[in-house]
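Colleague: Provided herewith is a single structure, encoded as structure tokens, for subsequent inquiry.
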Amino acid sequence: MVKIWQIDLNVAPDQWRDCLAWLNHEEQEKYHGLKNRHDARRFAAAHVALRRILAGWLMIEPWDVKFAYSQWRRPYVLGGPFFSMSRSGDLSLVAVSHHPLLGIDVERLDQVVEWSWLETIWSPAEWRRLRTMKNAPELLLRLWVRKEAAVKALGLGLTHPLSQVVVPLSERTGPNGARLWVRNNQASHCWRLYDLPTKGGFIGSIVTARPVAPENLAVHAFPP
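Numbering (this note's numbering), first residue to last: 1 to 224.
Below you can see the structure in the form of structure tokens.
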């Protein structure tokens with residue numbers, strides 16, 4: 001089972017300021033290290049909401065959610081559930097599941113996409129096809145989001161070359177998703193990719209190791 005939430009981060013400080021004490025040392029350090037006050041506000045709102053979501057899943061208090069960190073500094077909950085979070089502008093997406101290999105990503109559509117800074121992320125197969133296509137900026141951004149979701153599922157973040165992730169080049173995946181290939185340490189993995197119905201102005205995708213029923217791909221507003 002997978003459940004997905006979208007969190008509006010453009011909220012008044014009084015909705016999260018009293019909850020800052022819930023954040024652990026790593027979260028507090030990141031929050032206080034952000035010089036841009038808008039980035040800091042969004043970070044705090046996202047992490048307070050994440051704790052509320054995980055606390056509801058675990059049926060505990062938000063301040064009792066304990067994170068551990070991988071060697072790549074990816075947070076996880078000891079004993080599960082598995083989760084993935086992404087943030088862009090004033091929107092955050094959170095996915096939670098009982099199963100590992102879960103990655104989610106979201107990006108604003110109003111970003112300027114330059115072909116030059118995307119040239120190194122394509123696999124040879126993708127590059128052969130892209131050279132024959134007229135790619136709108138939205139499609140290029142969608143492909144980027146799909147690749148980021150895949151490396152998040154792998155757990156390595158952008159330390160893993162995006163050219164080792166082969167994504168479908170279609171504008172949209174259907175309700176049953178699409179296959180996605182990830183190469184890592186001489187092994188090849190075939191996972192499932194789903195584009196998500198985020199709010200207007202954003203693109204989101206999720207990658208899972210197992211197929212997800214269409215009804216479980218609904219994106220829930222948080223708070224409801």
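Beta carbons are placed, not taken as given, at the ideal position from N, Cα and C, and that holds for glycine.
Keep in mind the model is a prediction, meaning the values are calculated, not measured.
Restricting to Cα atoms, I'd like to know which of Pro-75, Ala-187 and Val-48 is closest to Trp-63.
Modeller: When each option's Cα is compared against that of Trp-63, the closest is Val-48.
Colleague: Would you call the region 199–208 and the region 102–111 touching, i.e. three or more CB-CB distances under 8 Å?
Modeller: Contact between the region 199–208 and the region 102–111 is present, because at least three Cβ pairs lie under 8 Å.
Colleague: With a CB to CB cut of under 6 Å and the five nearest residues on each side skipped, what residues in its chain are close to Leu-162?
Modeller: The answer, listed in chain order, is Ile-121 and Lys-147.
Colleague: On a CA-only basis, which of Val-182, Leu-34 and Glu-126 is nearest Lys-152? Give me that one, please.
Modeller: Residue Val-182 is the option with its Cα nearest to Lys-152.
Colleague: Run through the region 136–184 for me and flag every whole beta strand (DSSP E) of 3 or more residues, listed as ranges in chain order.
Modeller: DSSP runs (the beta strand (DSSP E)) wholly in the region 136–184: 178–184.
Colleague: Can you tell which of Pro-137, Glu-138, Ala-44 and His-99 has the C-alpha that lies nearest to the C-alpha of Asp-14?
Modeller: It is Ala-44 whose Cα lies nearest to the Cα of Asp-14.
Colleague: Could you check what DSSP says for Thr-208 in three-state terms: helix, strand or coil?
Modeller: The answer is strand: DSSP assigns Thr-208 an E or B state.
Colleague: With 16 other CB atoms within 10 Å as the buried threshold, where does Ser-97 fall?
Modeller: Buried, since its Cβ has 16 or more Cβ neighbours within 10 Å.
Colleague: Answer with buried or exposed for His-32, where buried requires no fewer than 16 other C-beta atoms within 10 angstroms of its C-beta.
Modeller: His-32 should be labelled exposed.
Colleague: If you measure between the beta carbons of Leu-9 and Leu-91, is that distance less than 8 Å?
Modeller: Yes, the Cβ-Cβ distance between Leu-9 and Leu-91 is below 8 Å.
Colleague: Does the distance from the CB of Val-219 to the CB of Leu-196 come in under 8 Å?
Modeller: Yes, the pair counts as a contact, with Cβ atoms nearer than the cut-off.
Colleague: Considering only C-alpha positions, which residue in the set Pro-214, Trp-22 and Leu-93 is nearest to Pro-223?
Modeller: Ranking the options by Cα distance to Pro-223, first place goes to Leu-93.
Colleague: Going straight from the alpha carbon of Arg-42 to that of His-99, what length do you get?
Modeller: If you take the alpha carbons of Arg-42 and His-99, they lie about 28 Å apart.
Colleague: Are there 16 or more other CB atoms within 10 angstroms of the CB of Glu-29, so buried, or fewer, so exposed?
Modeller: Burial call: exposed.
Colleague: With Ala-150 and Leu-180 assumed to form a contact (beta carbons below 8 Å), what rounded beta-carbon distance in angstroms separates them?
Modeller: So it is a contact: roughly 6 Å between Cβ atoms.
Colleague: Below 6 Å CB to CB, which residues in the same chain sit around Leu-217 once its five sequence neighbours on both sides are set aside?
Modeller: Closer than 6 Å at the Cβ level, and outside the excluded window around Leu-217, lie Tyr-194.
Colleague: Whole angstroms is fine: what's the gap from Gln-111's alpha carbon to Val-65's?
Modeller: Cα to Cα, Gln-111 sits roughly 34 Å from Val-65.
Colleague: Of the choices Lys-35, Asp-39, Val-77 and Gly-200, whose alpha-carbon is the least far from that of Asn-24?
Modeller: Checking every option, the nearest Cα to that of Asn-24 belongs to Val-77.
Colleague: For Gln-6, write down the residues that DSSP places opposite it in a beta bridge.
Modeller: According to DSSP, which records beta bridges pairwise, Gln-6 is partnered with Leu-93 and Ala-221.
Colleague: In terms of residues, what are the limits of the beta strand (DSSP E) holding Glu-26?
Modeller: Note, Glu-26: premise wrong, no beta strand (DSSP E); alpha helix (DSSP H) at 25–33.
Colleague: So which of Ala-12, Pro-137 and Ala-55 has the shortest CA-CA distance to Arg-37?
Modeller: The option with the nearest alpha carbon to Arg-37 is Ala-12.
Colleague: Please determine, among Val-2, Trp-57, Asp-18 and Arg-74, the residue with the shortest C-alpha to C-alpha distance to Gly-155.
Modeller: When each option's Cα is compared against that of Gly-155, the closest is Arg-74.
Colleague: Would you give the residue range spanned by the beta strand (DSSP E) that Ile-104 belongs to?
Modeller: First-last of the beta strand (DSSP E) with Ile-104: 102–108.
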